[in-house]
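Going down the list, the protein sequences come from chains A and B.
According to my numbering, the first sequence is numbered sequentially starting from 1.
According to my numbering, the second sequence is numbered sequentially starting from 1001.
C-beta: ideal position from N, C-alpha, C; glycine also.
Every value quoted in this text rests on a predicted model; they were computed, and no experiment measured them.
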Amino acid sequence: MIENTNAETIALEPDEAATQAPGPAATAASPAEPLADRVKRLESEGDVAADYLEELLDIADLDGDLDMDVEGDRAAVSIVGDGLDPLVGPDGMVLEALQELTRLAVYRDTGERSRLMLDIGGYRAGVRENLVKLARDAIADVRDEGEAVKLAPMTPFERKIVHDEVAAARLSSESEGVEPSRCVVILPST
Amino acid sequence: MLPEALDHLVRGIVNHPDDVAVRTRQQRGRNPHFAGRGETLEVRVHPDDLGRVIGRSGRTATALRTVLQALSGKDSIRIDIVDVDRRR
């Protein structure tokens, strides 16, 4: 029971981990693991996830095709099709819930905590596009004004997209505040 | 469809899938808040899996409710999670 609780604690907020200090999630993508092994491991995560989700679609009589991919150090599974809005929900709430359950299903099967990313009906892709635009505008403001800009509260997944965009622009950023009001702050170059 | 969906979602995350059983109970107004609002889904799991299905701070149970609510298209659906040893 205690072991379970710990396992979930670590699996809970891994979305930002890639840009933050190496935490527990870093062990999952340890540099010691050969690339081929890692890809294989992530592909099998995708397979477990796809089985879990496909049967749910069957039961709910929803049409959707499953795409599996490996993106960097995590498995990515997308359900594509029309009429999937109920599975996304307001602000992606249902999508987040399904992603969480899917990660637990992978954990049950492989014994490893998963950072698998689930997308449904292109929702995350759309969010990503908007956030990249928002981040670029904020980066331009920071450059013009030479002052830090604090963005609105975001989920770990959203913050990661902004951090990545800031890093690509050769500026730095940090997160401050406590969930669910945690915000990205973009810092001016020194 | 909802009991099957819940059964599948829970079975996939527990260590004792064969012990998972879902049944539908009609509300009989025992809880005034939910009186007359239809069904409760009751999912029974192995005692060792109870923590896993509920999750830290009820996070997994909330995720299950969120997904089931989305599938049902209703605002309120009640899910009770109990272990197989508990008597009704």
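Q.
Taking 8 Å as the threshold (C-beta atoms), are A/P153 and A/S181 in contact?
A. Looking up residue 181 of chain A in the first sequence gives position 181. Looking up residue 153 of chain A in the first sequence gives position 153. Contact: yes.
Q: Would you list, in chain order, the members of the stretch 90-117 of chain A that have their beta-carbon closer than 7 Å to a beta-carbon of chain B?
A: M93, V94, A97, L98, E100, L101, L104, A105, R108
**Q.** Cβ pair A/V132, A/E165 closer than 8 Å
**A.** Translated into positions along the first sequence, residue 132 of chain A becomes position 132. Translated into positions along the first sequence, residue 165 of chain A becomes position 165. Contact flag set, yes.
Q: Quick one: using the 10 Å Cβ neighbour count with 16 as the cut-off for buried, is B/D1049 buried or exposed?
A: Locating residue 1049 of chain B in the second sequence gives position 49, where the first residue counts as 1. Burial call: buried.
Q.
When you compare the CB positions of B/A1063 and A/A60, do they come within less than 8 Å of one another, or not?
A. Residue 1063 of chain B sits at position 63 when you count from the first residue of the second sequence. Residue 60 of chain A sits at position 60 when you count from the first residue of the first sequence. Contact: no.
Q: Quick one: which residues of the stretch 61-93 of chain A get their C-beta closer than 9 Å to a C-beta of chain B? List them in chain order.
A: D61, L62, P86, L87, V88, G89, M93
Q: Step through the CB atoms of chain B and report whether any lies within less than 8 Å of the CB of A/Y52.
A: To locate residue 52 of chain A, count along the first sequence from 1; it is residue 52. True, the Cβ-Cβ gap to chain B drops below 8 Å.
Q. For a contact meaning CB atoms closer than 7 Å, what does B/H1016 contact in chain A?
A. What you label residue 1016 of chain B is simply residue 16 of the second sequence in a count that begins at 1. Going along chain A, no residue has its Cβ under 7 Å from B/H1016, so there is no contact; the nearest lies around 11 Å.
Q. How long is the line joining the alpha carbons of A/E176 and A/A49, rounded to whole angstroms?
A. The count along the first sequence starts at 1 and reaches residue 176 of chain A at position 176. The count along the first sequence starts at 1 and reaches residue 49 of chain A at position 49. Approximately 32 Å between the Cα atoms of the pair.
Q.
For a test of the three-state rule: what should DSSP assign to A/R108, helix, strand or coil?
A. Within the first sequence, residue 108 of chain A is the residue found at index 108, counting from 1. Helix.
Q. What first and last residue would you give for the alpha helix (DSSP H) that runs through B/R1065?
A. Start at 1 with the first residue of the second sequence, and residue 1065 of chain B comes out as number 65. Where B/R1065 is concerned, the enclosing alpha helix (DSSP H) stretches over 1059-1072.
Q | Closer than 9 Å at the beta carbon, the chain B residues around A/I120 | A | Within the first sequence, the letter at position 120 stands for residue 120 of chain A. The premise fails here: A/I120 is roughly 11 Å from chain B at the closest Cβ pair, so nothing lies under 9 Å.
**Q.** Interface residues of chain B facing A/L151 [CB-CB closer than 7 Å]
**A.** As a working note, residue 151 of chain A is residue 151 in the first sequence. Chain B residues near A/L151: none, gap ~26 Å exceeds 7 Å.
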